[in-house]
Amino acid sequence: MPTASPMPTAPPVLCLASASPRRCELLASIGVPVTVRPVDIDETPHHGEAAEAYVIRLAREKARAGAGHGELPTLGSDTAVVRDGEILGKPEDAAHAAAMLRSLSGREHRVLTAVAVSGPAGLLDACVTTRVAMREISDAEIAAYWASGEPADKAGGYAIQGLAAVFVERIAGSHSAVVGLPLFETAALLRRQGVPLWDGALA
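Terminal number for the sequence shown in the numbering used here: 206, no gaps in between.
Okay, here's the thing in structure tokens:
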């Protein structure tokens, strides 16, 4: 029997200035094929910089850095897990990851995600705050979670879309923003830049 021909791949309509597979998947879910062009910028917070200003600055810097390499509109994004005003980065090792998860256990924290899109309308951005409440997490669970390998490169030491979903009691806000991209706000920015979504509608 003849083999089926592969489905044609849609040409990219957006440059994604990130190597995050989660952001690629989220954009694909709203019908936006991308070309991936990771950028390397300094992500050190400035002295006294508020968390919201920090994620917006990084998203804008990523979008600007990626925009210099092609004609497509370019999207940059950044996510920060914030506890009591402190930005929790990616864990350095098992002990650091355990300390972060213990600090989040049994309480609420904020996840801030900013998205910026460079294109014909200039450099547009949005920032979304989601509140995440976690149940009490035992030391045994924390150790097993680290052993899974999942939290090693995740802000705050956990991935809500993965195994850590069992730790999350409730959220108030955007689930997709915690995963890596606020889709409602992202769609609005893309339309303003003339990027078509699955429905073909533009602003």
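We put the beta carbon where it would ideally sit given N, CA and C, even for glycine.
Exercise. For residue 119, does the count of other Cβ atoms within 10 angstroms reach 16, so buried, or fall short, so exposed?
Worked result: Taking the first residue of the sequence shown as 1, we reach residue 119 at position 116. Classification of residue 119: buried, given that the 10 Å Cβ count is 16 or more.
For this session: Starting from residue 70, trace the alpha helix (DSSP H) both ways and give me its first and last residue.
Result: Start at 1 with the first residue of the sequence shown, and residue 70 comes out as number 67. Run containing residue 70: 54 to 70, per the alpha helix (DSSP H) assignment.
Exercise. Mind checking whether residue 197 and residue 94 have CB atoms under 7 Å apart?
Worked result: Start at 1 with the first residue of the sequence shown, and residue 197 comes out as number 194. Start at 1 with the first residue of the sequence shown, and residue 94 comes out as number 91. Their beta carbons are not under 7 Å apart, which means residue 197 does not touch residue 94 by this criterion.
For this session: Taking only the alpha-carbon atoms, compute the straight-line gap between residue 200 and residue 143 and give it to the nearest angstrom.
Result: For the purposes of this step, residue 200 is taken as the residue at position 197 of the sequence shown. For the purposes of this step, residue 143 is taken as the residue at position 140 of the sequence shown. About 44 Å.
Exercise. If you scan the stretch 102 to 160 from start to end, which runs of the alpha helix (DSSP H) of 4 or more residues do you find wholly inside it?
Worked result: 142 to 150
Problem set entry | Nearest-angstrom Cα separation, counted from residue 161 out to residue 67 | Along the sequence shown, read from residue 1 onward, the residue named residue 67 stands at position 64. Along the sequence shown, read from residue 1 onward, the residue named residue 161 stands at position 158. Going from the Cα of residue 67 to the Cα of residue 161 covers about 28 Å.
For this session: Give the C-beta separation of residue 184 and residue 26 to the nearest angstrom, bearing in mind that I take them to be a contact with Cβ-Cβ under 8 Å.
Result: Translated into positions along the sequence shown, residue 184 becomes position 181. Translated into positions along the sequence shown, residue 26 becomes position 23. Going by Cβ atoms, the distance from residue 184 to residue 26 rounds to 5 Å, so yes, they are a contact pair.
Problem set entry | residue 31 (DSSP reduced to helix, strand or coil) | Stepping through the sequence shown from its first residue, residue 31 is reached at position 28. Looking at residue 31 - three-state DSSP - the assignment turns out to be helix.
Problem set entry | Contact between the stretch 128 to 139 and the stretch 101 to 114 (3+ Cβ pairs under 8 Å) | yes
Problem set entry | DSSP beta-bridge partners of residue 89 | Residue numbering aside, residue 89 sits at position 86 when the sequence shown is read from its first letter. Answer is 86.
Exercise. Whose C-beta lies closer than 6 Å to the C-beta of residue 97 among residues of the same chain, with five residues either side of it excluded?
Worked result: The sequence position of residue 97 within the sequence shown is 94, counting from 1. Around residue 97: 149.
Exercise. When burial is assigned at 16 or more other CB atoms within 10 Å of the CB, is residue 152 buried or exposed?
Worked result: Here residue 152 refers to the residue found at position 149 of the sequence shown. By the 10 Å Cβ count, residue 152 comes out exposed.
Exercise. Since residue 80 and residue 117 are thought to touch, with beta carbons under 8 Å apart, how far apart are those beta carbons, to the nearest angstrom?
Worked result: Against the sequence shown, residue 80 aligns to sequence position 77. Against the sequence shown, residue 117 aligns to sequence position 114. Contact flag correct, Cβ pair sits at about 7 Å.
Problem set entry | Identity of the residue in 189, 157, 192 nearest residue 24 by Cα | In the sequence shown, counting from the first residue as 1, residue 24 sits at position 21. Nearest of 189, 157, 192 to residue 24, Cα basis: 157.
Problem set entry | Top-ranked residue by Cα proximity to residue 64, from 38, 20, 131 | As a working mapping, residue 64 is identified with position 61 in the sequence shown. If we check each option's Cα against that of residue 64, 20 comes out closest.
Problem set entry | Neighbourhood of residue 69 by C-beta distance below 7 Å, restricted to the same chain and skipping five residues each side | Taking the sequence shown and counting its residues from 1, one reaches residue 69 at position 66. Excluding positions up to five away in sequence, the list reads 18, 20, 40, 42, 77, 79.
For this session: State the Cα-Cα distance for the pair residue 130 and residue 59, rounded to the nearest angstrom.
Result: Here residue 130 is taken as the residue at index 127 of the sequence shown, counted from 1. Here residue 59 is taken as the residue at index 56 of the sequence shown, counted from 1. Those two C-alpha atoms are separated by around 7 Å.
Exercise. With which residues is residue 80 paired in a DSSP beta bridge?
Worked result: Along the sequence shown, one-based indexing puts residue 80 at 77. Its beta-bridge partners are 118.
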